[in-house]
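In full-length UniProt numbering, the protein residues as written are 1 to 245.
Where a beta carbon is used, it is the ideal one built from N, C-alpha and C, also for glycine.
Nothing here was measured: the structure is a model prediction, and the numbers come from that model.
As structure tokens, the structure follows; a few thoughts come after it.
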């Protein structure tokens with residue numbers, strides 16, 4: 001996510017939605033359920049086998065990449081779960097589960113008759129795996145012991161890493177300096193390799209404190225701080241970061 005991930009501190013973006021409902025329309029619950037089932041049946045998980053025909057990997061990262069691949073204007077135009085539909089649909093097409101023509105045909109059928117029965121594939125084994133996934137989750141934490149490069153109180157500079165598909169680094173923090181507030185135990189990975197962005201093998205994660213005045217000079221309120229959990233690849237000693245730039 002490039003443009004959509006650089007919005008911190010920008011003005012004139014229009015009204016901010018204060019909607020508090022998780023699901024505004026009934027169909028949104030179904031989309032959330034499809035996504036949850038796909039994550040539970042994802043093949044990288046060590047969970048009991050099922051007769052499901054879902055045979056590939058699906059994570060939060062795949063959902064995000066699918067939504068973020070939209071044209072930026074469409075990204076801001078569509079509702080939250082509409083972006084999910086786009087990402088999920090693209091995934092099923094690209095992985096050979098359905099063709100674009102078949103999807104279009106089915107869409108027309110259901111638009112023509114909203115009461116048309118939906119396919120049902122109820123399966124106790126599949127349901128049990130989904131419930132187990134919801135209980136256990138899929139933790140990004142890996143190793144327990146690690147030598148951390150930074151300690152609490154150290155000054156660190158945020159790098160300006162290249163971004164292709166997705167990044168966990170907010171744009172407004174790039175090239176800014178903060179202070180390590182917390183050193184998390186162990187190492188952590190992301191749900192997929194982010195390529196040039198740099199998240200691949202498990203690595204340390206730090207909570208870094210920033211003075212908003214240094215992020216938005218002349219346009220920040222005093223007496224508060226911004227905290228960000230950042231992968232080790234995103235931060236460096238201030239001198240090293242300057243040399244890299």
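Cβ of residue i within 8 Å of Cβ of residue j?
| i | j | result |
| --- | --- | --- |
| residue 180 | residue 206 | yes |
| residue 69 | residue 57 | no |
| residue 237 | residue 203 | no |
| residue 156 | residue 178 | yes |
| residue 168 | residue 40 | no |
| residue 210 | residue 239 | no |
| residue 89 | residue 103 | yes |
| residue 82 | residue 144 | no |
| residue 270 | residue 162 | This structure cannot settle anything about residue 270, because the visible part of the chain is limited to 1 through 245. |
| residue 47 | residue 132 | yes |
| residue 148 | residue 65 | no |
By a C-beta neighbour count over all protein chains shown, 10 Å radius and 16 as the cutoff for buried, is residue i buried or exposed?
| i | result |
| --- | --- |
| residue 187 | buried |
| residue 29 | exposed |
| residue 134 | exposed |
| residue 170 | buried |
| residue 74 | exposed |
| residue 208 | buried |
| residue 199 | buried |
| residue 15 | exposed |
Using only the alpha-carbon positions, how far apart do residue i and residue j sit?
| i | j | result |
| --- | --- | --- |
| residue 235 | residue 216 | 19 Å |
| residue 159 | residue 225 | 20 Å |
| residue 107 | residue 95 | 19 Å |
| residue 125 | residue 150 | 46 Å |
| residue 139 | residue 105 | 38 Å |
| residue 12 | residue 109 | 41 Å |
| residue 194 | residue 152 | 27 Å |
| residue 31 | residue 91 | 14 Å |
| residue 36 | residue 127 | 11 Å |
| residue 25 | residue 114 | 15 Å |
| residue 219 | residue 93 | 45 Å |
| residue 175 | residue 214 | 10 Å |
| residue 50 | residue 19 | 38 Å |
| residue 172 | residue 21 | 28 Å |
| residue 72 | residue 136 | 35 Å |
| residue 221 | residue 141 | 35 Å |
| residue 99 | residue 34 | 18 Å |
| residue 223 | residue 17 | 26 Å |
| residue 79 | residue 154 | 41 Å |
| residue 76 | residue 45 | 33 Å |
So residue i packs on residue j, CB below 8 Å; how close in whole Å?
| i | j | result |
| --- | --- | --- |
| residue 84 | residue 67 | 7 Å |
| residue 191 | residue 60 | 5 Å |
| residue 23 | residue 38 | 18 Å between Cβ atoms; not a contact. |
| residue 63 | residue 86 | Not a contact, Cβ separation roughly 10 Å. |
| residue 201 | residue 189 | 7 Å |
* Which ranges does the beta strand (DSSP E) cover as unbroken runs of at least 3 residues, wholly within the UniProt domain "Nitrile hydratase beta subunit" (139–236), from first to last along the chain? -> 155–158, 177–183, 205–210 and 226–231
* To do: Entirely within the stretch 40–112 and at least 4 residues each: give me those alpha helix (DSSP H) ranges in chain order.
  => 60–68, 72–77, 80–94 and 100–112
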